[in-house]
Structure formats: structure tokens, C-alpha cells
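Undergrad:
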Amino acid sequence: MARGAGQAGNDDTRSDCMVRIAPVEDGGLDLHLESKVGLYYGDSIRKQTIDTLKAAGVKHARVEVRDQGALPFAIEARLEAAARLAGYTEGRPDLPAAAALPSPSERNRLRRSRLFIPGNDPKIRSGAGLPGADGVILDLEDSVHSGAKDAARLLVRNALYCIEFGASERMVRVNPEPLAVIDLEAVLPARPDLILIPKVEKAAQVVRIDAAINRILGTTGEHRPVWLMPILETGKGIENAFEIARASERIAALTIGLEDYTADLGVVKTREGAETLWARSRLVNAAAAAGIQAIDSVYGDVDDEEGLRAWGERSRALGFQGMGCVHPRQVPVVHDTYSPTEQEVDRALQIVQAYEEAEKKGLAVVSLGSKMIDPPVVERARRLVEQARKAGRIREGES
Amino acid sequence: MSGKTELVQNVIGRKVPVQVNGNPQIPFKGLGQHLPNGRKAAPPVRSASSYPSDGDKRVTDIRTALEKCGLKSGMTISSHHHFRNGDFIALETLQTAGKIGVKDLLWFPSASFPCQAPVVDLMEQGVVHHIEGSMNGPLGDYCSRGKMKGLGVLRSHGGRWQAIQDGEVHINIAVIAAPTADPFGNCDGSHGPSACGSLGFALADSIYADHVIVVTDNLVPFPCVPWQIQGNNVDYVVEVEQVGDPSQIVSGTTEITRSPERLRIAQFVATLLRDAGIMKNGFSFQAGAGGIALAFVGFLKEMMRQNGVKARFVRGGSTSYLVDLLNEGLTDYILDGQTFDLAGVAGIGSNPRHLATSPFTSYNHHGKGNFASMVDAVVLGATEVDVNFNANVVTHSDGRLLHGIGGWQNCLHSRCTILAIPSFRDRIPVIVDQVTTLTGPGELIDVIATERGIAVNPRRSDLLDALQGSKLPIRPIREIKAEVERFCGGAPRKPDLTQDPVAVIKWVDGTVLDTVFQVKDRAV
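Going down the list, the sequences are from chains A and B. Taking the working numbering, I'd label the letters of the first sequence as residues 2 to 400. Taking the working numbering, I'd label the letters of the second sequence as residues 1240 to 1763.
1) In terms of DSSP beta bridges, what is phenylalanine 1538 (chain B) paired with?
2) When you compare the CB of leucine 131 (chain A) with every CB in chain B, is at least one pair closer than 8 Å?
3) Using a threshold of 8 Å, state whether the C-beta atoms of leucine 309 (chain A) and leucine 284 (chain A) are closer than that.
4) Please list the partners that cysteine 163 (chain A) has in chain B, where partner means a Cβ-to-Cβ separation under 8 Å.
5) Below 8 Å, how does it come out for the region 1445 to 1452 of chain B and the region 1348 to 1356 of chain B: are there three or more Cβ pairs, yes or no?
6) Could you tell me which of B:Arg1554, B:Ala1688, B:Ile1667 and B:Thr1570 sits nearest to glycine 1646 (chain B), measuring between CA atoms?
7) Check whether the region 1706 to 1715 of chain B and the region 1286 to 1301 of chain B are in contact - that is, three or more C-beta pairs closer than 8 Å.
8) Does any residue of chain A have a CB that is nearer than 8 Å to the CB of arginine 1691 (chain B)?
9) List the whole-angstrom C-beta distance separating serine 1636 (chain B) from threonine 1675 (chain B), where the pair is believed to meet the contact cut-off of C-beta under 8 Å.
10) Would you identify the three-state DSSP class for glycine 1337 (chain B), choosing helix, strand or coil?
11) Ordered along the chain, which non-local residues of its own chain (more than five positions away) have a Cβ less than 7 Å from that of glycine 393 (chain A)?
12) Return the bridge partner residues of serine 1 (chain A) from the DSSP annotation.
13) Please report the residue range of the alpha helix (DSSP H) in which aspartate 337 (chain A) lies.
14) Which residue's Cα is closest to the Cα of arginine 1501 (chain B): B:Phe1610, B:Val1751 and B:Phe1535?
15) Could you work out which residues of chain A lie near proline 1731 (chain B), taking near to mean beta carbons separated by less than 7 Å?
16) What residues from the region 1625 to 1644 of chain B come within 8 Å of chain A, judged by C-beta to C-beta, listed N to C?
17) Closest by CA to aspartate 13 (chain A), which one among A:Gly43, A:Asp95 and A:Asp68?
18) Under a three-way DSSP split, which group does isoleucine 245 (chain A) fall into?
19) Do the region 1586 to 1596 of chain B and the region 1619 to 1639 of chain B meet, that is, are 3 or more Cβ pairs less than 8 Å apart?
20) In chain order, which alpha helix (DSSP H) runs of at least 4 residues are fully inside the region 231 to 306 of chain A?
21) What residue ranges within the region 1411 to 1463 of chain B form continuous beta strand (DSSP E) runs of no fewer than 3 residues, ordered along the chain?
22) In the DSSP assignment, find the unbroken alpha helix (DSSP H) run with proline 377 (chain A) in it and report its ends.
23) Which ranges would you report for the alpha helix (DSSP H) in the region 62 to 133 of chain A if only whole runs of at least 4 residues count?
24) Evaluate histidine 61 (chain A) with the Cβ neighbour count: other Cβ atoms within 10 Å of its Cβ, from every protein chain shown; 16 or more gives buried, anything less gives exposed.
25) Along chain A, which residues have their Cβ under 8 Å away from the Cβ of aspartate 1665 (chain B)?
26) When the Cα of serine 1486 (chain B) is compared with those of B:Thr1315, B:Gly1277 and B:Ala1434, which residue comes out closest?
27) Could you give the distance in angstroms between the alpha-carbon of isoleucine 121 (chain A) and the alpha-carbon of alanine 100 (chain A)?
28) Between the alpha carbons of cysteine 1426 (chain B) and alanine 1416 (chain B), how many angstroms are there, rounded?
29) Does the CB of arginine 317 (chain A) have a neighbour CB from chain B at under 8 Å?
30) In the region 1272 to 1337 of chain B, which residue ranges form an unbroken alpha helix (DSSP H) of at least 4 residues, counting only runs that do not cross its ends?
31) Could you check whether the region 287 to 299 of chain A touches the region 313 to 325 of chain A, counting it as contact only if at least three pairs of C-beta atoms, one from each stretch, sit closer than 8 Å?
32) Cβ closer than 9 Å: which chain A residues qualify as neighbours of leucine 1502 (chain B)?
33) So is alanine 242 (chain A) buried or exposed if we call it buried at 16+ other beta carbons inside 10 Å?
34) Beta-carbon separation of asparagine 1631 (chain B) and threonine 1678 (chain B) under 8 Å?
35) Across which residues does DSSP place leucine 1246 (chain B) in a beta bridge pair?
36) Determine the burial state of serine 1241 (chain B): buried for a count of at least 16 other Cβ atoms within 10 Å of its Cβ, exposed for fewer.
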């Protein structure tokens, strides 16, 4: 491949690092390093730069590094991205110390909240797991400028390797095809738990992504599950919801992107969301029919906690199990609204208990107080108890 | 700083000079161990018959006042920071002294701000010999590079009062910028076009200085009511166009934070007060300026409302956040040491339950007690903390002077001292093995709250017991440190320091707690 100057990162962004690599004929590496934290980490950044460039196959180049206090995982990503953009595509990464890999994620795990993290912003990544969202989405799609996709991909990969996200499920939103496959090739070796596929309109799109995952995981020999969450963002996607929901064994949930969907319909997205009621109900039904979770969109107004709470309550009543969060302070509100209330839990526990007692006694009819209880009611109560237990709403010792 | 200074090790292992600017020093002996006796310093004897019987002490300008006070080379001139970065008078006074032709002045501000950066020129010209008071920005940098002729002496607000009473610092001329004054010299900060709130920092100077000059841009006929500074202590009154720009009282640190990590810390601290049972009817707290402290007040206010809890008093640094608390009836009083924004200024001028206090009431080591130790909880910041809970507030990890001590050391005497700090800034971890400059001993620091967890000082087993059952992430400090170092790429390299002191850090009792050494300039 032809070589030319390659550049990644921004030098006017706190916690980022700008790298520019200009290949030359010979003379080795001509390194120009400036760092805001040079007094403390200057030697370490110099060594990391040399090692990473060596691994990337850069032998003779003028290298400019302007660091604004980036963490080592981000520095590596910027160096590697600049090297690739300069035409050094045959090298390998030189990753900083990896974080412990969390246990694999379960298909039916709690997914009340998923916190959006822009994929090319190195600043907030180290704190992304702290708010305790059920999931974090490292986003490669809409929050990343088209010119920064290559750099973002490596930054997200490195974050998955190096940063602890606590109990949050580690999700990546890839770009639409064909970029999706390049995204997957970069991030799958770092073992994300779930991939969000944007702008899905047909089952075939999911099938292709699923095949790409098989191919990539085949080369890594990795058997850890990778779940899928297709995002339906158009009228066509909603119409095909059920087929999409059944397109792969990997699908754990369906979700909806309301900004794009309302744009597709040519309607205005309102605070109450009446214009998307049908689409969202359709999605919930399709997910139920396919035996997977239904996850709602986001509530964009960060300062409107009341509106968020009302949205969440209506959404849960429709059958959604969670929604996206655009700011950490939405997380506790969302957890609250998508968790069973104390009253609901008490009632469900009573029903389950009544059922178990009736079963012990060999009674065909279950009753609680003066009310007779049908089998579907018992089943719903069981599911609610299960969900409440996952959400930590039932203390040990309660049945 | 020229010449070698003999250093000894104090009781907590810090190397401190035995002499500072020619005066013998007492190394820190431990908390509550230094109890001098004898009598306090006193101002010279004056007689009313030497002053105008009509009470009119006005002179035409600052220059005349300085000359009438007998300004000479080598004298000590004091000023105050009620206007924070909007002060006009301190710099003008020193520049006027330069024009008069005196040299080697000791400038004794209650704090200095970037607006006083031109004092660097006065030091270069020899007008000012050195500064005893907080130094930041260009002044801090000048001192850190060892360019100041004398050693800097950093004291807390309470320590400044103690130094005056111990005779450690003898003020020849105090210059007080006053938003309202009468010709007799009574003055106050709560009213006038340049109202700035309390004038508490100038109180000691008004009592103990040889000469006192009041400078005002709002002269009212006698009496100026209320008066915080008594005209009976004042020699001359000068009228000027403007004493300061009150809009500059508000600095960047008095805006609430938007950072998710910092909001998280603020919420942790409020929750800690609630869960530990500190937040109860009749309690008290202090939160200074700074994004986290202000956000903390917001969270705590909500919890107080939910739990129907009311405070007896809160201590400021007042801001609109404390003023709201008072207006909503969630506290009976604000005891205000200085105002950090214009809502605080307005409150002090209009609400009788918003009281101007001084370092004497709140902080002075030689008082018969002080308010700071009666506060149930205080939330403070720090630039660095170490695994033994020692903290640094004056230098960054690079060893350069960046902040004054302010009331920070004095506030450590609260019943529960909480340092609310992010676990790292840029890439630099905040928890270290040993702080670069010791400003507060770990014995007095009870809690270090970061976004990754809360470390409770093991000395406070009572607090740990009270927090049993709380959902807060209480973690050992070393564990938080290790976690941060893991993603920051190891511990930061220590700064290269010389063995030449550039400043000393005084403890509240006047003993020397630590030394700031000159930094070596090093290419990155």
C-alpha cells in the first residue's frame, strides 16, 4: 500500500492525543513529543510511542505527538490509527495492560438502561461503568464523524480491552454495512458482549452480520457469546420486526431509534410519543413472539427528569424492558421506572406462594383471598419476581 | 532565595528551615502540642487628642496617606482579598509605594490573585522584597522558581490572625478597601456600588497595625451603619473612583460542575452525610467554592427536604446555593467568612440571618475556641492526598505553588472533614504514596470521596460503624489508588526539586509544617 502522512486524534481536546506520522526514506524515527503531563509521564509516553510504532511496522518517519493527558489505551489507539492511515497496515497492536475480562453476559440479563458513550471521545470512557448502567454502548455510528471512523474503532477496541466497566454489559453500536464488517473485525477480538446493528430493515441484514461474526470469531477461536440487538429505525424495519427478531440465534433484544423513525414518517417527535405508539407496540409484540426483549429508544432532554420518568413508566406499561440513556444522571431514573414497584413485587410473591401451596395440596384451582388465579397470572407473577430479583428489589430470605 | 538554609526534620518527617527571612522558627510538633504563653502583640499607644475632633480623617490620595503613615523601606504593608480577582487597591498601594521610592517592602495580603500579577515587576524592581500570603498564578510561579528575594510564608486565614497576635508579623501599614465608609473610618462591605460582603479578613489588621488606611468609593456621612471595621482603629480615609470590581468576586470555581464524575462525587458526599446520621435537625456544615462543593449543596438540600431536616447554621464562603438554603428555611443562619458570588453579597446586605464573620470568630488558634471546630461536616478540595490521608492544597504534583491555604487548614478541625476530589486529573492520579507538600495532616482528614469510591480514615471507626448498611462504595484508599494507577499507566514520576526552599507552610499554630522547594526546570 502506498504510504503518506497519517493523522489521528485531536490536539485541542482534553484527555486526547494527536498523532501525525509522515513516512520518510530512512533515518529511523524522528520523534516530536509534547505532553501536558510530560513532567510525570513523559518518559513513559516516549517509550510507549516507540514500542507501539515498532509493533505497527513504522521504521522511518517523522512522528509528532501532542498529548493532552490521554490515558495509555487512548495513546495506543491514536498511534496505531495514525500508522494505519499512513499506510502501515501490516503491523500489530501493542496494547497497554488489559483489564480483567468480566464473566460472559446472559441472553436474558437485565437491560433496563444502556448508557451512550461517543466512540471517539477518550475523556469519559474511564468513568463509563461508574453510574452502574445495565449496559454501556460504545458508539461507532452517529456520534462519530465520518472522517474519524478508523480512529474511533481502535479507541473502542482498546477501551474494551483496558477499561473496567463494572457490572455494565459492554455493547458496541457498529455502523451500517459495509463499514459494519470492518468495525466487527476491529472490536470482536476485544470481546464485547453485545453488538447493536443500526438501520435494520430486513432479516437478511442481520443474517449477514451474524455470518461475519461467525467468520471473525472462527479465526479467534473464541466461544464467548456475542448477542445482537437490531435497531429498527424506519417504517420498513417496523413492518419486518418479527422476521428480523427471528433472524439469528444471537438476537437478545429488539430496539427502536425514534429520531430516524419519526423522520422516516415525516412526523414530529413529541414529549409523549403518541406518534410512535403503534411502531413501539408492534416492536414489543414482535419481540414477545420471538421470545426476546423489547428495548425502547432514548429520552433526549437530559434536564427533564419528570418527562423521562413519565416516558419510562408508559414504556414499561407498553411492554418494554429498558431504554437508552444519553447522560449518566438518567440511569437511576430509568432503573427506577423499569423495575417492579414494591406493591407489584408483594402481590407477585403472594400469588407465587398461593400457587405453590395449592400445588402441594393437590388443588386444581388456585385462589388468593376471594379471587381465583388463572395460570397466566401465575406465570406473569413468576416472571416479575425473577425480574425483581435481578434488579435487587427482593432481599434474600423472601421467597 | 540566596544562601543556604539549615533544615531540620519536624515531627512528621518533613524537612523545614530553622530560620525564615531572618526569624527563628518552631518546627511542627504535632496537633495541639504548641501552646505558647506570655502576652499577645499589641498595637502602639495612641491618643484621641492626636486625631481630628470632628472625626474627619480624609486625605487626598493613597500617596498622601502612605506618606503621613511614615512609609519607609523594609516596612510591612497588608491588604485583603474581599474582591478576590477584582481588587484595585492592593496593587495601586504597592505601585504608589514604588513611586515614593521605598524598597524591600514585605507584602502581607490575606490572599493574592492573578489581578495582582504586576507585583512580579515590583519584586524585580526591588520595591517588594517578598510576599507572606497565598500565591497563585504568575506570583506562585515566580516564587516556585526561586526568584523571590525572601522566603514565601503561606498561612491559613486563622494562621494569619495567629501570626499577627504572636508578633510573628508586625504590620506597619494596613490598607483596607471598603465598599462603604464614613470620614471617621467606620467601614463595611455589605453596601455600596462595589459591595463585596464581609470585610472580616481586614479585622486583625485594623486592630494590630501601626497605621490603618481605609480606601473607599462610597463615602457616607458619619455614621456608616453597619460598620464591621471600627473607625476608632483608623488613621486616614481616602476617597477613590472605584475600589474594586465586584463582578470579579465570582471566579471559575464558584460555578456548579457539569462533569458526571464530579456530580457523582457530590452525590456521594451528600449521601454520606445522610447515611452516617450527620444530617439531622440542628446540624451544621460548610462547603466552600468549587464545582463539587456547590453540587453537594444541591444534593444535600434535596435530601434535607425529603427528610424534613433543617440545619442550625451553615458556614460560607457564601454562594447563591447557600442563600437559597437560607431563603427556603432549610437553615437558620449563614455564618459567612467571605462571599463568593453576588447572591452572597446581596444576602449579607439584606438578611439579618446572613452574618458576616471573621477569621477571629471562625479560625483563630489564639481565640478561646473558634467556630470551625463546631461544624458537623465540612467539604473541601485538595490537589493531592496520600495513602495516610495527608493532603496537599498549595502545590500541584509538579511542586509549583498554585493555591493558597485559605481557610482550608482551619476547616480541618470540623467534626467530619471530607475531601471531595476526582481520582485523577488529566492522566495524573490524585492519590499518591506521599504528598508533594503537606498542608493538612491525615489525623484531621476523615473521608476522601472520589468518583470510584469513598475512603474512610481507619482512625474513624465510629464513622465506619455509622456507615454500616449504607450502599455507598466504601473502599480502602490503597485499592482506589491501585485501580487508578492501572489505567493511568503507573504512578506519576515525582517532580525534580532542588534542596532550596522557596516557601514554608505554616500550621494553624505558627509552627512550620512543610517546605516548598524550588522546582528544577526540565525539558519534557
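Ideal placement from N, C-alpha and C gives every residue a C-beta, glycine not left out.
TA: Per the coordinate set shown:
1) Your numbering for residue 1538 (chain B) matches position 299 in the second sequence. Beta-bridge pairing links phenylalanine 1538 (chain B) to no other residue.
2) Walking along the first sequence from the start, residue 131 (chain A) turns up at place 130. Yes, contact with chain B.
3) Against the first sequence, residue 309 (chain A) aligns to sequence position 308. Against the first sequence, residue 284 (chain A) aligns to sequence position 283. Cβ atoms of leucine 309 (chain A) and leucine 284 (chain A): not closer than 8 Å.
4) As a working mapping, residue 163 (chain A) is identified with position 162 in the first sequence. Those within 8 Å of cysteine 163 (chain A) in chain B are Phe1726.
5) no
6) Within the second sequence, the letter at position 407 stands for residue 1646 (chain B). Distances from the CA of glycine 1646 (chain B) to each of B:Arg1554, B:Ala1688, B:Ile1667 and B:Thr1570 were compared; the closest alpha carbon is that of B:Arg1554.
7) Contact fails: fewer than three Cβ-Cβ distances are below 8 Å.
8) Indexing the second sequence from 1 puts residue 1691 (chain B) at position 452. Closer than 8 Å: yes.
9) Mapped onto the second sequence, residue 1636 (chain B) falls at position 397. Mapped onto the second sequence, residue 1675 (chain B) falls at position 436. Rounded, the Cβ-Cβ distance is 6 Å, consistent with contact.
10) Walking along the second sequence from the start, residue 1337 (chain B) turns up at place 98. In the structure shown, glycine 1337 (chain B) sits in a helix (DSSP, three-state: H, G or I).
11) For the purposes of this step, residue 393 (chain A) is identified with residue 392 of the first sequence, where counting begins at 1. Result list for glycine 393 (chain A): empty, nothing under 7 Å.
12) Beyond the ends of chain A as shown, which are 2 and 400, falls residue 1 (chain A); an answer cannot be given.
13) For the purposes of this step, residue 337 (chain A) is taken as the residue at position 336 of the first sequence. Segment 332 to 338, the alpha helix (DSSP H) holding aspartate 337 (chain A).
14) As a first step, residue 1501 (chain B) must be located in the second sequence, where it is residue number 262. If we check each option's Cα against that of arginine 1501 (chain B), B:Phe1535 comes out closest.
15) The sequence position of residue 1731 (chain B) within the second sequence is 492, counting from 1. Correct list: Tyr41 and Tyr42.
16) The region 1625 to 1644 of chain B vs chain A, Cβ under 8 Å: Ser1636 and Asp1637.
17) On the first sequence, position 12 is the one that residue 13 (chain A) refers to. Residue A:Asp68 is the option with its Cα nearest to aspartate 13 (chain A).
18) Residue numbering aside, residue 245 (chain A) sits at position 244 when the first sequence is read from its first letter. Collapsing the DSSP output to three states places isoleucine 245 (chain A) in a helix.
19) no
20) You should have 236 to 240, 242 to 246, 259 to 266 and 278 to 291.
21) Taking 3 residues as the shortest admissible run, the region 1411 to 1463 of chain B contains the following complete beta strand (DSSP E) segments, listed from N- to C-terminal end: 1412 to 1417 and 1450 to 1455.
22) Residue 377 (chain A) sits at position 376 when you count from the first residue of the first sequence. That run of the alpha helix (DSSP H) goes 376 to 391.
23) 73 to 86
24) Sequence index remark: in the first sequence, residue 61 (chain A) carries index 60 (1-based). Exposed.
25) Numbered from its first residue, the second sequence carries residue 1665 (chain B) at position 426. Near aspartate 1665 (chain B) (Cβ distances below 8 Å), the residues of chain A are Arg15, Ser16, Lys37, Val38, Gln69 and Gly70.
26) Here residue 1486 (chain B) corresponds to residue number 247 of the second sequence, with the count starting at 1. Here the closest residue by C-alpha is B:Ala1434.
27) Locating residue 121 (chain A) in the first sequence gives position 120, counting from the first residue. Locating residue 100 (chain A) in the first sequence gives position 99, counting from the first residue. This sequence places asparagine at residue 121 (chain A); isoleucine is not what is there. Computed Cα separation, rounded: 20 Å.
28) Start at 1 with the first residue of the second sequence, and residue 1426 (chain B) comes out as number 187. Start at 1 with the first residue of the second sequence, and residue 1416 (chain B) comes out as number 177. Rounded to whole angstroms, cysteine 1426 (chain B) to alanine 1416 (chain B) spans 9 Å at the Cα level.
29) To locate residue 317 (chain A), count along the first sequence from 1; it is residue 316. Residue-level contact check: arginine 317 (chain A) does not touch chain B, since none of the beta carbons of chain B fall below 8 Å from its beta carbon.
30) You should have 1301 to 1307.
31) Output reads yes: the region 313 to 325 of chain A touches the region 287 to 299 of chain A.
32) Looking up residue 1502 (chain B) in the second sequence gives position 263. The contacting residues are Pro329 and Arg330.
33) Position 241 of the first sequence, counting from 1, holds the residue named residue 242 (chain A). It counts as buried.
34) For the purposes of this step, residue 1631 (chain B) is taken as residue 392 along the second sequence, with counting starting at 1. For the purposes of this step, residue 1678 (chain B) is taken as residue 439 along the second sequence, with counting starting at 1. Yes; because the gap between Cβ atoms is below 8 Å, this pair is in contact.
35) Locating residue 1246 (chain B) in the second sequence gives position 7, where the first residue counts as 1. Per DSSP, B:Pro1256.
36) Indexing the second sequence from 1 puts residue 1241 (chain B) at position 2. Legend: pLDDT at serine 1241 (chain B) = 45, less than 50; position of this residue unreliable, no value from coordinates given.
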